[in-house]
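Engineer: Counting along the sequence shown from 1, when you hit position 175 you're at 181 in the numbering used here, and nothing is skipped either side.
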Amino acid sequence: MKNLAKLFGLTLVLTAASSCAVSMKMHGNRFESSEVYGKTAFRMKADYRGQANVELTPDYTLYAPNTTNPDVGPTHNAVIGGGLGIKDRFELGFDTTWGVTGKFQILGAPKLRADEGNFSLSVLGTIAANSDDQSGSGWFSSNSYKIHMEYTTYSAALLAGYRPDRLINFYFGPFVENGEYKGNYEVIGTSNTSFDGKGQNRGGLIGMEIGTPRITAILEGAWNHVESARSRNSFWVAGTQVIITFGSVKDSSKSNESSSSVASRY
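In structure tokens:
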């Protein structure tokens with residue numbers, strides 16, 4: 007029982023320490039395939055994704071933000087989001103990274119009408135904005151600290167895909183992303199310092215989408231090359247997403263075609 011209490015205490019300490027980190031998160035996994043849904047419908051999404059992390063300080067109560075040599079590497083997070091199909095070729099997505107994505111399908115049939123052999127091509131753009139406010143006292147000093155940071159990222163991707171089967175779509179493509187951050191770091195009663203910086207991520211996606219129009223799962227890998235000031239790093243991240251579509255999953259265009267065909271006979 008004592009060992010369990012010690013373990014619980016250590017977990018609390020580590021959790022508290024990790025929450026003191028301040029970073030700009032950039033997209034790694036996107037879970038946007040090469041096909042839009044194909045009609046107006048709401049889709050609920052939940053995933054565990056890899057992201058690119060530009061960490062300015064692992065603990066702001068111990069270290070001031072380092073904008074010259076930030077720690078650049080992978081991180082993973084659970085994310086919930088949604089999507090809204092808009093007609094045949096366009097859809098919007100949003101999630102708890104405070105990101106909004108627009109996707110337009112250039113070639114191929116959308117998911118609702120895609121059959122075996124369907125080749126698809128889409129472009130997408132994403133903008134995400136977030137902020138972080140923390141304050142507290144240091145573990146090894148009597149000082150009190152306060153930090154505020156806000157950042158915005160802009161991303162674009164081109165995705166091509168192919169369906170070897172009605173239920174499976176393989177997709178891949180390159181992406182680019184730029185990010186900007188700014189903030190304020192204060193040792194209360196002693197100093198107040200502003201900071202800012204930029205980051206960029208260049209990479210590629212490869213994924214598999216499997217399922218029906220009602221329920222879909224996505225497995226995706228993302229290669230990232232991240233640069234921020236003097237820091238740079240290349241790495242892979244991977245994740246998975248589940249999508250549930252609400253409302254009718256029937257293709258209304260096919261119903262209209264059938265009705266027109268029947269009417270033309272008379």
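Glycine included, every Cβ here is placed at the ideal spot set by N, Cα and C.
Note that this is a predicted model, so its numbers are computed, not measured.
1. Take every Cβ of the region 139 to 151, pair it with every Cβ of the region 171 to 182, and state whether three or more of those distances are shorter than 8 Å.
2. Can you tell me whether residue 256 is buried or exposed, with buried defined as 16 or more other CB within 10 angstroms of its CB?
3. Apart from the five residues just before and just after residue 110, which ones in its own chain have a Cβ nearer than 7 Å to its Cβ?
4. Should the region 237 to 254 be called in touch with the region 49 to 61, which here means at least 3 C-beta pairs below 8 Å?
5. Are the beta-carbon atoms belonging to residue 160 and residue 67 less than 8 Å from one another?
6. In terms of alpha-carbon separation, which member of 154, 184 and 123 lies closest to residue 209?
7. So residue 86 and residue 65 are in contact, right, with Cβ under 8 Å, and what is the actual spacing, rounded?
8. With a CB to CB cut of under 7 Å and the five nearest residues on each side skipped, what residues in its chain are close to residue 46?
9. Figure out for me which residue from 236, 204 and 70 has the closest Cα to the Cα of residue 32.
10. At the level of alpha carbons, what is the spacing between residue 22 and residue 137?
11. Give me the Cβ distance between residue 153 and residue 189, rounded to the nearest whole Å; I'm assuming they're in contact under 8 Å.
12. Pick helix, strand or coil for residue 130, following the three-state DSSP scheme.
13. Which first and last residues belong to the beta strand (DSSP E) in which residue 249 is found?
14. For residue 182 and residue 74, I'd like the C-alpha separation in whole angstroms.
15. Kindly list the residues whose CB is nearer than 7 Å to the CB of residue 164, restricted to its own chain and excluding five residues on each side of it in sequence; keep chain order.
Structural biologist: Inspection of the coordinates gives the following:
1. The region 139 to 151 makes no contact with the region 171 to 182; the number of CB pairs closer than 8 Å stays below 3.
2. For this step, residue 256 is matched to residue 250 along the sequence shown. When all chains shown are included, residue 256 counts as exposed.
3. Walking along the sequence shown from the start, residue 110 turns up at place 104. Excluding residues within five positions, the ones whose Cβ falls inside 7 Å are 95, 96, 128 and 129.
4. Flag = yes, the region 237 to 254 and the region 49 to 61 touch.
5. Residue mapping note: residue 160 aligns to position 154 of the sequence shown, counting from 1. Residue mapping note: residue 67 aligns to position 61 of the sequence shown, counting from 1. Cβ atoms of residue 160 and residue 67: not closer than 8 Å.
6. Taking the sequence shown and counting its residues from 1, the one referred to as residue 209 is at position 203. Out of 154, 184 and 123, 184 has the C-alpha closest to the C-alpha of residue 209.
7. Position 80 of the sequence shown holds residue 86. Position 59 of the sequence shown holds residue 65. Actually they are not in contact, since the Cβ atoms of residue 86 and residue 65 sit about 28 Å apart, beyond 8 Å.
8. For the purposes of this step, residue 46 is taken as residue 40 along the sequence shown, with counting starting at 1. Here the set comprises 91, 92 and 93.
9. For this step, residue 32 is matched to residue 26 along the sequence shown. Ranking 236, 204 and 70 by Cα distance to residue 32 puts 204 first.
10. Along the sequence shown, read from residue 1 onward, the residue named residue 22 stands at position 16. Along the sequence shown, read from residue 1 onward, the residue named residue 137 stands at position 131. Since pLDDT at residue 22 reaches only 43, below the 50 mark, its modelled position is unreliable, and the value read off the structure follows with that caveat. Taking the straight line joining both Cα atoms gives about 19 Å.
11. Here residue 153 is taken as the residue at index 147 of the sequence shown, counted from 1. Here residue 189 is taken as the residue at index 183 of the sequence shown, counted from 1. In this structure, residue 153 and residue 189 form a Cβ contact; the two beta carbons are roughly 7 Å apart against a cut-off of 8 Å.
12. The residue given as residue 130 occupies position 124 in the sequence shown. In the structure shown, residue 130 sits in a strand (DSSP, three-state: E or B).
13. Here residue 249 is taken as the residue at index 243 of the sequence shown, counted from 1. Segment 237 to 252, the beta strand (DSSP E) holding residue 249.
14. What you label residue 182 is simply residue 176 of the sequence shown in a count that begins at 1. What you label residue 74 is simply residue 68 of the sequence shown in a count that begins at 1. Approximately 22 Å between the Cα atoms of the pair.
15. Taking the sequence shown and counting its residues from 1, one reaches residue 164 at position 158. Here the set comprises 129, 179 and 180.
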